[in-house]
Each structure stands twice: as C-alpha cells, then as structure tokens.
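Read the structure below first, then the notes.
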Amino acid sequence: MPVEIKELIIRANIVNDNDKNSKSQVEETTGQKQEIIAACVAQVLKILERQRER
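For the sequence shown, numbering that gives the first Met the number 0 assigns the number 0 to the initial residue and increments by one for each residue that follows.
Laid out in structure tokens, this is it:
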C-alpha cells in the first residue's frame, strides 16, 4: 500500500555570527541557502503538480 505525504514541513535555523564573517563563510552559507531554497521550490512544484492531476 503506497504512503501519501499530505504535508511537508521544512524548518531551518540560520545563525549569523558577526565575529566569523569571513568571505568564505559568507559564500558557503549563501550557497547553502540557495540549495535549501531550490529544494523547497522543487517540493512545492511537485505538490502543485500533484494537485493539478486530481
């Protein structure tokens, strides 16, 4: 029997340490944020596509 996920909750904690704002760390966190955003967008698009099929 297939399992259907009706709700997806994504939580992220982003901490900004002003003492450690080197350029490489800023670029790394920016890249991580972009990956998280891309994953969220992909999930939302999948959900919307599923709703259109119904």
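Ideal placement from N, C-alpha and C gives every residue a C-beta, glycine not left out.
Candidates the options: closest to residue i by CA position
i     : options             : result
Gln31 : Pro1, Ile13, Val40  : Ile13
Asn15 : Ile36, Thr29, Arg49 : Thr29
Cys39 : Met0, Gln50, Leu7   : Leu7
Residue i (DSSP reduced to helix, strand or coil)
i     : result
Ala38 : helix
Lys5  : coil
Ile46 : helix
Arg10 : coil
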